[in-house]
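*Asks:* Handing you a structure now.
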Amino acid sequence: MPATLIVGAQWGDEGKGKVIDLLAGKADVVARFQGGSNAGHSVHVGAEQYVLHLVPSGILYPGTINVIGNGVVMDPVRLVDEIVHLEGRGLKVTGNLFVSDLAHVTLPYHKRLDEANELKRGADKIGTTHQGIGPTYADKYGRIGIKVGDLLDEPVFLAKVRRNLAEKNAFFREHYHIPEMTEAEIIDPLRGCLAKLAPLVTDSVRLLHDAMKAGKKILLEGAQGTLLDVDFGTYPFVTASHITAGGALSGTGLPPAVLTRQIGVVKAYTTRVGAGPLPTELPPEEGERLRIIGREYGATTGRPRRVGWFDALPVRRAAMLNGLTDLAITKLDVLDHLDEIPVCTAYRWKGKELAEFPNRTEVAQECEPVYRRLPGWKTVTSGARKMTDLPDNARRYLDTLAELAGVPMGIVSIGPKRDETIFLKEF
Ligand code: GDP
Ligand code: IMO
Ligand code: MG
0 MPATLIVGAQ
10 WGDEGKGKVI
20 DLLAGKADVV
30 ARFQGGSNAG
40 HSVHVGAEQY
50 VLHLVPSGIL
60 YPGTINVIGN
70 GVVMDPVRLV
80 DEIVHLEGRG
90 LKVTGNLFVS
100 DLAHVTLPYH
110 KRLDEANELK
120 RGADKIGTTH
130 QGIGPTYADK
140 YGRIGIKVGD
150 LLDEPVFLAK
160 VRRNLAEKNA
170 FFREHYHIPE
180 MTEAEIIDPL
190 RGCLAKLAPL
200 VTDSVRLLHD
210 AMKAGKKILL
220 EGAQGTLLDV
230 DFGTYPFVTA
240 SHITAGGALS
250 GTGLPPAVLT
260 RQIGVVKAYT
270 TRVGAGPLPT
280 ELPPEEGERL
290 RIIGREYGAT
300 TGRPRRVGWF
310 DALPVRRAAM
320 LNGLTDLAIT
330 KLDVLDHLDE
340 IPVCTAYRWK
350 GKELAEFPNR
360 TEVAQECEPV
370 YRRLPGWKTV
380 TSGARKMTDL
390 PDNARRYLDT
400 LAELAGVPMG
410 IVSIGPKRDE
420 TIFLKEF
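Structure (structure tokens):
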């Protein structure tokens with residue numbers, strides 16, 4: 000059975016959690032393939048709201064298996080906290096969640112390094128989530144990382160921690176001039192959580208291949224957004240993982256042919272948390288209005304999200320990089336009150352018009368958006384359940400976004416709840 004990828008097509012927080020939850024009811028397996036506890040995926044079920052960081056968004060269905068794949072960086076303490084929290088709310092986690100033995104582990108020294116790096120960068124800081132993501136991937140690619148499999152092999156784990164800690168401490172002391180960390184600071188927080196974690200650890204590659212061969216329906220849950228991809232995003236203002244379709248394969252071990260449907264999630268406008276270019280960013284007062292209506296505050300850090308108009312250029316780039324087959328457009332309802340809505344169709348840079356998102360971040364920083372202004376609809380849309388329930392101008396707005404992106408619409412979301420959704424296709 001082919002797999003479906005759900006990927007953010009902007010700078011993250013597009014509403015992936017809601018879209019995954021919508022599709023997960025019909026899926027057998029939901030797998031995360033990159034990122035770590037930097038992700039914050041909000042899912043509303045009735046009056047309940049869940050914010051998931053490491054646990055895949057299929058966990059709300061008792062019949063769906065959830066996998067933290069090999070491409071993820073996993074903070075064991077945060078994962079166990081999340082599991083305990085979800086179990087406390089009555090969800091079945093044990094038996095429904097599995098963690099790859101190949102995933103890399105985030106430890107307290109990674110978080111300390113993340114914070115120290117940011118502090119040292121000063122005005123050039125990336126605005127990371129301080130979850131230790133960059134330093135964990137740096138260790139992975141530096142071939143000194145510690146895998147989940149190591150975590151369960153005490154002598155191996157301790158030897159690796161000792162070696163790495165000596166190196167990190169030299170760095171803390173000599174480069175950052177901050178206090179060193181003790182072995183106890185790394186090991187002690189793990190003591191309470193290994194017993195909970197151990198039964199979840201598995202060969203996720205085998206699990207996913209068996210599911211594929213058995214014809215099970217697999218969803219691949221992206222975190223962050225394409226413009227935060229370490230290769231294709233607005234470097235260095237990116238996260239440290241491969242967010243795009245290629246990352247879904249390397250982060251799970253599934254073969255390329257399994258991917259037949261790639262759903263790009265986009266907001267009907269644009270947001271970004273942290274530093275880096277956001278060409279359609281609104282001036283503070285206008286941005287604040289949309290931020291309040293759209294509740295645009297980070298699910299992981301609580302930081303206010305930067306807000307801008309819909310920008311077709313990053314979405315077109317995401318369409319190309321991921322081979323998007325469908326768009327899921329979220330948060331249309333947030334624009335209900337507007338008389339007129341600008342949509343960015345191109346950039347102006349040094350007297351030239353650019354139709355493609357520039358590779359160089361320095362160029363993106365200097366781009367001025369070229370806007371097409373579309374009429375608003377000034378009608379509450381959250382009650383719509385089919386396209387014909389929407390006002391003409393709202394339909395025209397959505398059609399324009401899909402046309403500019405070059406990807407057909409599959410889902411429109413007009414509120415955070417499950418039923419506040421219009422399906423244009425069968426998923
Ligand atoms: P993710 O990281 O891509 O999963 O997105 P987040 O969960 O961080 O942010 C999206 C926010 O928008 C969450 O609070 C969702 O509950 C909410 N949301 C999702 N879809 C809609 C929608 O169509 N309308 C409104 N008003 N809120 C939505
Ligand atoms: P979800 O999955 C939005 C951003 C951070 C920062 C940059 C690097 O909820 O869409 P990191 O901690 O990853 O090293 O930070 O990436 N960032 C996100 N922005 N949504 C996310 O996840 C993000 N995860 C990381 O704000 O700019
Ligand atoms: Mg989020």
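Under numbering that gives the first Met the number 0, the letters of the sequence shown match residues 0 to 426, in that order. Beta carbons: idealized from backbone N, C-alpha and C, even for Gly.
(1) Sorry if obvious, but does the Cβ on ASP230 come closer than 7 Å to a heavy atom of the ligand IMO?
(2) If you follow the beta strand (DSSP E) that ASP138 is part of, which residue opens it and which one closes it?
(3) Shorter than 7 Å, the distance from the beta carbon of ALA327 to the closest heavy atom of the ligand MG, or not?
(4) May I have the straight-line CA-CA distance separating LEU258 from ALA2, to the nearest angstrom?
(5) Using 8 Å as the threshold, is the C-beta distance between GLY57 and GLN130 below it?
(6) Rounded C-beta distance between GLY409 and ILE262? I'm assuming under 8 Å.
(7) According to DSSP, what are the bridge partners of PHE422?
(8) For the beta strand (DSSP E) that GLN9 lies in, which residues bound it at each end?
(9) Is TRP308 near THR279, with beta carbons less than 8 Å apart?
(10) To the nearest angstrom, how far is the alpha carbon of ILE82 from that of VAL406?
(11) What is the C-beta distance between VAL98 and VAL29, in whole angstroms, given that I count them as a contact (C-beta under 8 Å)?
(12) I need the boundaries of the beta strand (DSSP E) containing LYS266, first residue and last residue.
(13) On a CA-only basis, which of LYS167, ALA137, ALA194 is nearest GLU182? Give me that one, please.
(14) Given that a residue counts as buried once 16 or more other Cβ atoms are within 10 Å of its Cβ, and exposed if not, what is GLU173?
(15) Does the stretch 44-60 come close enough to the stretch 236-243 to have 3 or more Cβ pairs within less than 8 Å?
(16) May I have the straight-line CA-CA distance separating VAL264 from LYS351, to the nearest angstrom?
(17) Any idea what DSSP makes of PHE309, helix, strand or coil?
(18) Should LYS385 be counted as a contact of the ligand GDP given a C-beta to heavy atom distance under 7 Å?
(19) Which residues count as close to the ligand MG when the rule is a CB under 5 Å from any of its heavy atoms, in chain order?
(20) Would you call the CB atoms of ILE340 and GLY293 closer than 8 Å?
(21) Between which residues of its own chain and ALA298 is the CB-CB distance below 6 Å, once the five residues before and five after are set aside?
*Replies:* Short version:
(1) Counting from 1 along the sequence shown, the entry for residue 230 is found at position 231. No, since every heavy atom of the ligand IMO falls outside the 7 Å radius drawn around the Cβ of ASP230.
(2) Against the sequence shown, residue 138 aligns to sequence position 139. Unbroken run through ASP138 is the alpha helix (DSSP H), 132-140; no beta strand (DSSP E).
(3) Taking the sequence shown and counting its residues from 1, one reaches residue 327 at position 328. Not under cutoff, so the answer is no.
(4) As a first step, residue 258 is located in the sequence shown; it is residue number 259 there, counting from the start. As a first step, residue 2 is located in the sequence shown; it is residue number 3 there, counting from the start. Near 5 Å, if we compare the C-alpha coordinates of ALA2 and LEU258.
(5) Position 58 of the sequence shown, counted from the first residue, corresponds to residue 57. Position 131 of the sequence shown, counted from the first residue, corresponds to residue 130. Taking 8 Å as the Cβ cut-off, GLY57 and GLN130 do not qualify as a contacting pair.
(6) Reading the sequence shown from its first residue, position 410 is the one you call residue 409. Reading the sequence shown from its first residue, position 263 is the one you call residue 262. With a Cβ gap of about 6 Å, GLY409 and ILE262 count as contacting.
(7) Start at 1 with the first residue of the sequence shown, and residue 422 comes out as number 423. PHE422 pairs with ILE410.
(8) For the purposes of this step, residue 9 is taken as residue 10 along the sequence shown, with counting starting at 1. Note, GLN9: premise wrong, no beta strand (DSSP E); not H, not E.
(9) What you label residue 308 is simply residue 309 of the sequence shown in a count that begins at 1. What you label residue 279 is simply residue 280 of the sequence shown in a count that begins at 1. In contact: TRP308 and THR279 (Cβ atoms closer than 8 Å).
(10) Stepping through the sequence shown from its first residue, residue 82 is reached at position 83. Stepping through the sequence shown from its first residue, residue 406 is reached at position 407. Taking the straight line joining both Cα atoms gives about 37 Å.
(11) Within the sequence shown, residue 98 is the residue found at index 99, counting from 1. Within the sequence shown, residue 29 is the residue found at index 30, counting from 1. Contact flag wrong, Cβ pair sits at about 13 Å.
(12) In the sequence shown, the residue the question calls residue 266 occupies position 267. Residues 258-266.
(13) If you number the sequence shown from 1, residue 182 lands on position 183. Cα-wise, what sits closest to GLU182 is LYS167.
(14) Residue mapping note: residue 173 aligns to position 174 of the sequence shown, counting from 1. When all chains shown are included, GLU173 counts as exposed.
(15) No, the stretch 44-60 does not touch the stretch 236-243.
(16) Locating residue 264 in the sequence shown gives position 265, counting from the first residue. Locating residue 351 in the sequence shown gives position 352, counting from the first residue. Taking the straight line from one Cα to the other gives about 30 Å.
(17) Your numbering for residue 309 matches position 310 in the sequence shown. Reduced to three states, the DSSP call for PHE309 is strand.
(18) Here residue 385 is taken as the residue at index 386 of the sequence shown, counted from 1. False, no ligand heavy atom lies under 7 Å from that Cβ.
(19) The filter returns ASP12, GLY39, ALA298, in chain order.
(20) Taking the sequence shown and counting its residues from 1, the one referred to as residue 340 is at position 341. Taking the sequence shown and counting its residues from 1, the one referred to as residue 293 is at position 294. No, the Cβ-Cβ distance between ILE340 and GLY293 is not below 8 Å.
(21) By 1-based counting over the sequence shown, the position of residue 298 is 299. These residues qualify, in order along the chain: GLY39, SER41, VAL50.
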